[in-house]
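According to this note's numbering, the sequence shown is numbered sequentially starting from 37. Quick reminder that beta carbons are idealized off the backbone N, C-alpha and C, glycines included. Inspection log for the structure reproduced underneath, given as structure tokens.
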Amino acid sequence: MLNHIRVGLGMDVHPLIPGGPLCLGCCEIPFDYHLKGHSDGDVVAHAIADALLSAGGIGDLGTFLPASDDSIKGISGVDVLKRVASVLAEAGTMIINVDCTVMCDRPSLAGYVPSMIKAIATALEISPSQVSIKPRHAEGLGFAGTGQGIFSQAVVLVAKAAKAKK
């Protein structure tokens, strides 16, 4: 049976508030601020999860794990990705690749990219070679450039098993 190739796009943004550490890309980054959210605020993991849910035809992250659900309060980006990967696997959907851009001027993320890639790949049960994380500076512009928040956008490619025709 031929696979259907599907693309998904996801994004997330959270404000920065005092008190660290910062959870980003399934890693803890020493920083004086953290991302405010119902979960750990990991905008990288959330953007990837949102893209994967979209590509899998499952919906969006807000529907899959609603902020109104107190049982998931404080859930980590790792656990979000594990849950999404499990649902995709049950549906016969294979992750081909994940590409994510994260935008902020501070903290500098370049030194954390290898750890993020490894942690995300582990959570999704894929090879690190299937994950790309690209930190970008906002050049002092907008909320990401002034330190008010962090934005992330992800695109994914998946292969979904085709259903047999009768």
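Check your understanding: At what residue ranges does the region 85-144 contain a whole run of the beta strand (DSSP E), taking only runs of 3 or more?
Key -> Scanning the region 85-144 from its first residue to its last, the whole beta strand (DSSP E) runs of 3-plus residues come out as 129-139.
Review point. Can you tell which of 105, 98 and 161 has its C-alpha closest to the C-alpha of residue 124?
Key: Here residue 124 corresponds to residue number 88 of the sequence shown, with the count starting at 1. Ranking 105, 98 and 161 by Cα distance to residue 124 puts 161 first.
Review point. Around the C-beta of residue 107, are 16 or more other C-beta atoms found within 10 angstroms, so that it is buried, or is it exposed?
Key: The residue given as residue 107 occupies position 71 in the sequence shown. Exposed, because fewer than 16 other Cβ atoms sit within 10 Å of the Cβ of residue 107.
**Study point:** C-beta contact flag for residue 71 and residue 53 at 9 Å
**Key:** Taking the first residue of the sequence shown as 1, we reach residue 71 at position 35. Taking the first residue of the sequence shown as 1, we reach residue 53 at position 17. Between residue 71 and residue 53, the CB-CB gap stays under 9 Å.
Practice item. Please state whether DSSP places residue 187 in a helix, a strand or coil. Key: Translated into the one-based positions of the sequence shown, residue 187 becomes position 151. Residue 187 falls in the strand class under three-state DSSP.
Point to revise | Coil, strand or helix - residue 154 by DSSP | key: For the purposes of this step, residue 154 is taken as the residue at position 118 of the sequence shown. In the displayed model, residue 154 falls within a helix according to three-state DSSP.
Exercise for review: Compare the beta carbon distance of residue 66 and residue 60 with 9 Å and say whether it is the shorter of the two.
Suggested key: Residue numbering aside, residue 66 sits at position 30 when the sequence shown is read from its first letter. Residue numbering aside, residue 60 sits at position 24 when the sequence shown is read from its first letter. It is not a contact, given that the beta carbons lie outside the stated cut-off.
Point to revise | Beta-carbon proximity list for residue 155, same chain, < 6 Å, skipping 5 on both sides | key: Translated into the one-based positions of the sequence shown, residue 155 becomes position 119. So the qualifying residues of the chain are 62 and 63.
Exercise for review: Leaving out five residues on either side along the sequence, give the residues of the same chain with a beta carbon under 6 Å from the beta carbon of residue 129.
Suggested key: Stepping through the sequence shown from its first residue, residue 129 is reached at position 93. If we look at residue 129 and ignore the five residues flanking it on each side, its Cβ neighbours are 92, 194 and 196.
Review point. With which residues is residue 176 paired in a DSSP beta bridge?
Key: Translated into positions along the sequence shown, residue 176 becomes position 140. Residue pairing by DSSP leaves residue 176 without any beta bridge partner.
Review point. Would residue 50 be called buried (16 or more neighbouring beta carbons within 10 Å of its own) or exposed?
Key: Here the question's residue 50 lines up with position 14 in the sequence shown. By the 10 Å Cβ count, residue 50 comes out buried.
Review point. Can you give the beta carbon distance from residue 191 to residue 45, rounded, assuming they're within the 8 Å contact cut?
Key: As a working mapping, residue 191 is identified with position 155 in the sequence shown. As a working mapping, residue 45 is identified with position 9 in the sequence shown. Between residue 45 and residue 191 the Cβ distance is about 5 Å, and since that is below 8 Å, they are a contact.
Review point. What does residue 203 pair with, by DSSP beta-bridge criteria?
Key: Since the first and last residues shown for the chain are 37 and 202, residue 203 lies out of range.
Exercise for review: For residue 56, collect the residues of the same chain with a Cβ closer than 7 Å to its Cβ; drop the 5 residues on either side in sequence, then sort them by chain order.
Suggested key: Taking the sequence shown and counting its residues from 1, one reaches residue 56 at position 20. Excluding five sequence positions before and after residue 56, the CB atoms of its chain that fall closer than 7 Å to its own CB belong to 66, 67, 68, 69 and 70, given in chain order.
Review point. Which of the three DSSP states, helix, strand or coil, is assigned to residue 51?
Key: Indexing the sequence shown from 1 puts residue 51 at position 15. Here residue 51 sits in strand by DSSP.
**Study point:** Segment contact, 8 Å Cβ cut-off, at least three pairs: the region 127-146 with the region 168-177
**Key:** Yes: at least three Cβ pairs fall under 8 Å.
Review point. Nearest to residue 87 by alpha carbon, out of 109, 121 and 164?
Key: By one-based count along the sequence shown, residue 87 stands at place 51. Among 109, 121 and 164, the Cα nearest to that of residue 87 belongs to 121.
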